[in-house]
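A.B. asks: Residue 1 is where the sequence shown starts when you use the UniProt record's numbering, and the numbers rise one by one after that. Where is the CB? At the ideal position from N, CA and C, for every residue including glycine. One structure follows; several queries about it will come next.
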Amino acid sequence: MEQTQTQESRASRLFAGHRELLFSIVYNMLGTVGDTEDVLQETWLAWSAKDLETIENHRAYLVRIAVNQALAHQSALRRRKETYLGPWLPEPLATDAADPAVRAESVSIAMLVVLETLTPLERAVFVLHEVFAYRHTEIAGMIDRSPAAVRQIAHRAREHVQARRPRARIDRRTHQAVTERFVEAAFGGDLGALMELLAPDVTLWPDGGGKSAVGGPRPIRGRDKVARTIVAGTRHNQDVELRYQQVNGDPSVVLLSEEGPFAVMVLDLTADGEQVRDVYVLSNPDKLASIPE
């Protein structure tokens, strides 16, 4: 009995010590906090049933379980996305939150949107190799593929991502400054100033899931349409509180009512950092649970 309790206690300590890493990997594979927590629970159940003495590398074994549980979870998540009302965006994470698991290895909302276009296996390999620096040989052992097959998957995923989102290093202060200018123009009703900030091919992505007046049925494209839609929307929300906050590692603005956060706005900038090429507005209340009140 005492030996069993010692085993359970050790398993619990090891799992807790790796929870932040597991959360980060799974969240970047799935894009939702709720599904990530479900996968972590399934990972714990599988982990706690194992004899730890038979496991040579505890960290690698835990990551292997979590990655494969996340891959198995993808089909159910895909079915939900197919019936989702309006654009589906990843769930935002407040990366300056107190919970270290929520302050996960930050992949921007814009990058997560691109990762949605990969196959589940491509996304898993990309996240493990590009974000967490796992070697191809290590990933091969996790997903039961040969190292050569993993290299091919990684190459295909990297080319796919690069084609949709070329690498660009934008200073965080620049990103914050553009965000503040955008908010000032939008809530000040300054259509001209707002249009100067928007790239000609800008896209507005309103994710309300059919549960928010701020959401919309489809993306809105083009500088003029996006600017007018934003100014019209902010005109009806002049009494909201605005709070700047880090979300998925990027500056963002949180819109709050008396009940708490009701929308998060994140901007993706052009490669030179001078204009906005995507505006992500997340207002589905089910996706705002990790945003502090």
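Please determine, among A49, L45, D278, A271, the residue with the shortest C-alpha to C-alpha distance to A168.
C.D. replies: Ranking A49, L45, D278, A271 by Cα distance to A168 puts A271 first.
A.B. asks: Mapping the DSSP letters down to three states, classify P87 as helix, strand or coil.
C.D. replies: Residue state, collapsed to three classes: coil.
A.B. asks: Per DSSP, Y244 is paired with what?
C.D. replies: Bridge partners of Y244: V253.
A.B. asks: To the nearest angstrom, report how far apart S12 and P200 are at their CA atoms.
C.D. replies: So the two alpha carbons sit approximately 53 Å from each other.
A.B. asks: Pair every Cβ in the region 14-27 with every Cβ in the region 56-74, then say whether three or more of these pairs are closer than 8 Å.
C.D. replies: Touching, yes.
A.B. asks: Less than 7 Å between C-beta atoms, sequence neighbours within five positions excluded: which residues of the same chain meet that for W44?
C.D. replies: Closer than 7 Å at the Cβ level, and outside the excluded window around W44, lie F15.
A.B. asks: Within the continuous beta strand (DSSP E) that includes A199, where are the two ends?
C.D. replies: Note, A199: beta strand (DSSP E), 198-207.
A.B. asks: Secondary structure at A277, three-state DSSP: helix, strand or coil?
C.D. replies: Correcting the residue type first, residue 277 is Arg in the shown sequence and not Ala. Correct three-state label for R277: strand.
A.B. asks: Roughly how many angstroms separate the alpha carbons of L121 and D190, rounded to a whole number?
C.D. replies: Straight-line Cα distance between these residues: approximately 45 Å.
A.B. asks: Within 10 angstroms of its Cβ, does Y244 collect 16 or more other Cβ (buried), or is it exposed?
C.D. replies: Counting Cβ neighbours within 10 Å, Y244 comes out exposed, since fewer than 16 surround it.
A.B. asks: Got a sec? Which residues, its chain only, sit under 7 Å from V26 by beta carbon, not counting five neighbours each side?
C.D. replies: For V26, where only same-chain residues beyond five positions count, the Cβ hits under 7 Å are T36, V39, L40, A66, A70.
A.B. asks: Which term fits D207, buried or exposed, when burial requires 16 or more other beta carbons within 10 angstroms of its beta carbon?
C.D. replies: Buried, since its Cβ has 16 or more Cβ neighbours within 10 Å.
A.B. asks: May I have a chain-ordered list of the alpha helix (DSSP H) segments no shorter than 4 residues that lie completely inside the region 139-210?
C.D. replies: Runs of the alpha helix (DSSP H) inside the region 139-210: 147-164, 172-187, 191-197.
A.B. asks: Do you know how far the Cα of R277 is from the Cα of E159?
C.D. replies: If you take the alpha carbons of E159 and R277, they lie about 21 Å apart.
A.B. asks: Using 8 Å as the Cβ pair cut-off and three pairs as the minimum, do the region 222-233 and the region 124-140 touch?
C.D. replies: Judged by Cβ distances under 8 Å, the region 222-233 makes no contact with the region 124-140, as fewer than three pairs qualify.
A.B. asks: In the structure shown, what three-state DSSP assignment does residue 295 receive?
C.D. replies: Any property of residue 295 remains undetermined from this structure, which presents the chain solely from 1 to 293.
A.B. asks: Quick check: W205 and P219, are their CB atoms within less than 8 Å of each other?
C.D. replies: In this structure, P219 lies closer than 8 Å to W205 by Cβ.
A.B. asks: Assess contact between the region 278-290 and the region 129-141, defined as three or more Cβ pairs (one per stretch) separated by less than 8 Å. Is contact present?
C.D. replies: Short answer: they don't touch.
A.B. asks: Going by Cα to Cα distance, which pick from T32, A133, D286, E259 is closest to G209?
C.D. replies: It is D286 whose Cα lies nearest to the Cα of G209.
A.B. asks: Quick check on D268: buried or exposed, where buried means 16 or more other Cβ atoms within 10 Å of its Cβ?
C.D. replies: It counts as buried.
A.B. asks: Go ahead and label H155 buried or exposed: buried means 16 or more other beta carbons lie within 10 angstroms of its beta carbon, across all protein chains shown.
C.D. replies: Result: exposed.
A.B. asks: Nearest to K211 by alpha carbon, out of S257, A263, A49?
C.D. replies: Closest by alpha carbon: A263.
A.B. asks: Can R164 and V107 be called in contact, C-beta distance under 8 Å?
C.D. replies: Taking 8 Å as the Cβ cut-off, R164 and V107 do not qualify as a contacting pair.
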